[in-house]
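Visitor: Here it is, the structure in full.
In our numbering, the protein residues as written are 5 to 245.
Printed below as a string of structure tokens:
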């Protein structure tokens with residue numbers, strides 16, 4: 005009965021992960037083109053996506069590699085870009101059944117992405133590790149293969165096509181930002197503030213001398229810290245009080 009339940013959960017995870025995998029393939033393909041311009045091979049692009057599994061982190065990493073920034077800065081920038089997954093993992097850790105082995109808890113949190121976190125939470129109840137394994141089994145290969153194919157395509161596609169696909173990557177990030185910015189004045193204001201401060205930092209006498217990655221780290225920490233202090237997210241218990 006237990007094995008049958010695990011198999012059913014695994015297959016349901018694959019089923020729910022198919023649309024995620026299709027979206028991942030398209031996005032990672034454009035990331036692969038960026039990785040190719042940074043000098044990565046298809047194999048290196050595949051490994052980078054397999055180990056990172058995060059669009060913002062990989063974008064930060066690939067652009068930093070292209071700019072020949074130090075390894076320590078790449079690591080710090082990737083950490084800042086991906087730090088939200090620590091919060092997602094912490095949230096999931098509260099939803100495991102008490103008897104869930106530690107290795108299953110660790111494996112699930114290692115495969116957390118925005119979309120997989122979303123379908124896990126939407127499923128309700130305790131986290132079933134094999135459901136996440138199913139979603140990861142279909143989405144992670146699609147993400148990694150898409151990156152590798154994007155790197156390979158960068159060697160054969162004409163320059164005009166590469167330029168168009170590179171613009172599509174920025175469109176993806178705009179698509180991530182615009183919907184929440186339209187529904188929340190706070191988020192919209194923070195996005196606008198980020199744009200303005202990023203522009204100002206790129207032209208300020210002292211700050212502009214820093215690398216782009218260092219400026220991104222500083223601005224992310226300052227803006228996120230100020231937002232958390234000025235506009236804290238109220239928990240459910242606050243709403244019930």
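Backbone N, C-alpha and C define an ideal beta-carbon position, used for all residues, glycine too.
If distances are taken between C-alpha atoms only, which option among 12, 156, 11, 32 comes closest to residue 1?
Guide: Examination of residue 1 is not possible in this model, given that the chain is present from 5 through 245 alone.
Visitor: Do the CB positions of residue 52 and residue 85 come within less than 8 Å of each other?
Guide: Going by C-beta atoms, residue 52 is not nearer than 8 Å to residue 85.
Visitor: Restricting to Cα atoms, I'd like to know which of 118, 37, 222, 22 is closest to residue 150.
Guide: Scanning 118, 37, 222, 22 for the CA closest to the CA of residue 150 turns up 37.
Visitor: Provide the residue(s) that pair with residue 29 in DSSP beta bridges, ordered along the chain.
Guide: Paired residue(s): none; residue 29 is not in a bridge.
Visitor: Would the beta-carbon of residue 73 fall within 8 Å of that of residue 212?
Guide: In this structure, residue 73 keeps its C-beta atom at 8 Å or more from the C-beta atom of residue 212.
Visitor: According to DSSP, what are the bridge partners of residue 131?
Guide: 100
Visitor: So which of 106, 65, 154, 100 has the shortest CA-CA distance to residue 128?
Guide: 100
Visitor: So residue 42 and residue 80 are in contact, right, with Cβ under 8 Å, and what is the actual spacing, rounded?
Guide: Not quite, the Cβ-Cβ distance comes to about 18 Å (not below 8 Å), so this is no contact.
Visitor: Could you give the residue range of the alpha helix (DSSP H) that holds residue 73?
Guide: It is not in any alpha helix (DSSP H) - residue 73 carries neither H nor E in the DSSP assignment.
Visitor: Leaving aside the five residues before and after residue 141 along the sequence, list all residues of the same chain whose C-beta is less than 7 Å from its C-beta, in chain order.
Guide: 18
Visitor: I need the DSSP call for residue 250, collapsed to helix, strand or coil.
Guide: Residue 250 is absent from the model: the chain starts at 5 and stops at 245.
Visitor: Measuring alpha carbon to alpha carbon, tell me which residue in 145, 115, 199, 218 is nearest residue 32.
Guide: Of the candidates 145, 115, 199, 218, the residue whose Cα lies closest to the Cα of residue 32 is 145.
Visitor: In angstroms with no decimal places, state the Cα-to-Cα distance between residue 97 and residue 223.
Guide: If you take the alpha carbons of residue 97 and residue 223, they lie about 29 Å apart.
Visitor: Out of 55, 158, 95, state which residue places its alpha-carbon closest to the alpha-carbon of residue 115.
Guide: When only C-alpha atoms are compared, the closest one is 55.
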